[in-house]
Each structure stands twice: as C-alpha cells, then as structure tokens.
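Numbering (this note's numbering), first residue to last: -9 to 82.
Working notes for the structure below.
Listed below in structure tokens is the structure:
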C-alpha cells in the first residue's frame, strides 16, 4: 500500500477488516477473515431484502460509502431429490 492510499472497510461477523482494494472476491474475503472454505458468505442487504449469498468467485465492492457487512455460515446439504441447503451461523 502506498502512502495516502485510501483503505476500504468491510465486516465479517461484526469484525472489521481493511483493504486497499476496491473489490474482493468471496474467496479473498474468506482468506482475510480466516473463514473456512466450506462456509458460505452472505452479504447483508438493506431493509427486508434477504441477505445475498456470495460465491467464492463473486466480487464484492468494498469502496461503497457504507462498509459492507457479511456473515459466514456453515452450510450443509442433504442428498434427497429435493436438495435443500441448510446454513448455520458460525459460532465464536
């Protein structure tokens, strides 16, 4: 990082992180925050909108006026024909 370069902030499970990048992939966010690869990230949406699942290759803008807030959840799948995904919030 060069002197005077703006840092962008984001949160994962209420813990603040900084980056000089204006966008990070889900995998980069997991690496920075120490989130296990088998966890799913969710981007908190405003109001009543459901949170958005963020894939490992999906970019998240970190240069927004308001810091992005994400949460990490361990996701389980079953092998039933209806295929359901169940996510459990990471415990501290």
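Glycine is no exception: its CB is placed at the ideal position from the N, C-alpha and C atoms.
Using only alpha-carbon positions, find the residue among -4, 3, 49 that is nearest to residue 18. For the purposes of this step, residue 18 is identified with residue 28 of the chain shown, where counting begins at 1. Measuring from the Cα of residue 18, the nearest candidate turns out to be 49.
How many angstroms separate the CA atom of residue 71 from the CA atom of residue 28? Mapped onto the chain shown, residue 71 falls at position 81. Mapped onto the chain shown, residue 28 falls at position 38. With a pLDDT of only 49 at residue 71, under the threshold of 50, the placement of this residue in the model should not be trusted; the figure read from the coordinates follows. Approximately 22 Å, taken between the alpha carbons.
Per DSSP, which one or two residues make a beta bridge with residue 8? Sequence index remark: in the chain shown, residue 8 carries index 18 (1-based). Assignment of beta-bridge partners to residue 8 by DSSP yields -1.
Range of the contiguous alpha helix (DSSP H) that encloses residue 17: Sequence index remark: in the chain shown, residue 17 carries index 27 (1-based). That run of the alpha helix (DSSP H) goes 16 to 23.
Endpoints, beta strand (DSSP E) assigned at residue 42: Indexing the chain shown from 1 puts residue 42 at position 52. Start and end: 42 to 44.
Would you mind stating whether residue -2 and residue 9 have Cβ atoms separated by less than 9 Å? Counted from its first residue, the chain shown places residue -2 at position 8. Counted from its first residue, the chain shown places residue 9 at position 19. When the beta-carbon positions are compared, residue -2 and residue 9 come within less than 9 Å of each other.
Beta-carbon within less than 7 Å of residue 57's beta-carbon, same chain only, minus the 5 sequence neighbours each way: which residues are those? Within the chain shown, residue 57 is the residue found at index 67, counting from 1. Leaving aside the five residues that flank residue 57 on each side, the residues in its chain whose CB is nearer than 7 Å to its CB run, in chain order, -1, 0, 1.
Which class does residue 71 belong to by DSSP, given the choice of helix, strand or coil? For the purposes of this step, residue 71 is taken as the residue at position 81 of the chain shown. At residue 71, the pLDDT of 49 sits below 50, so the modelled position is not reliable and the matter cannot be decided from this model.
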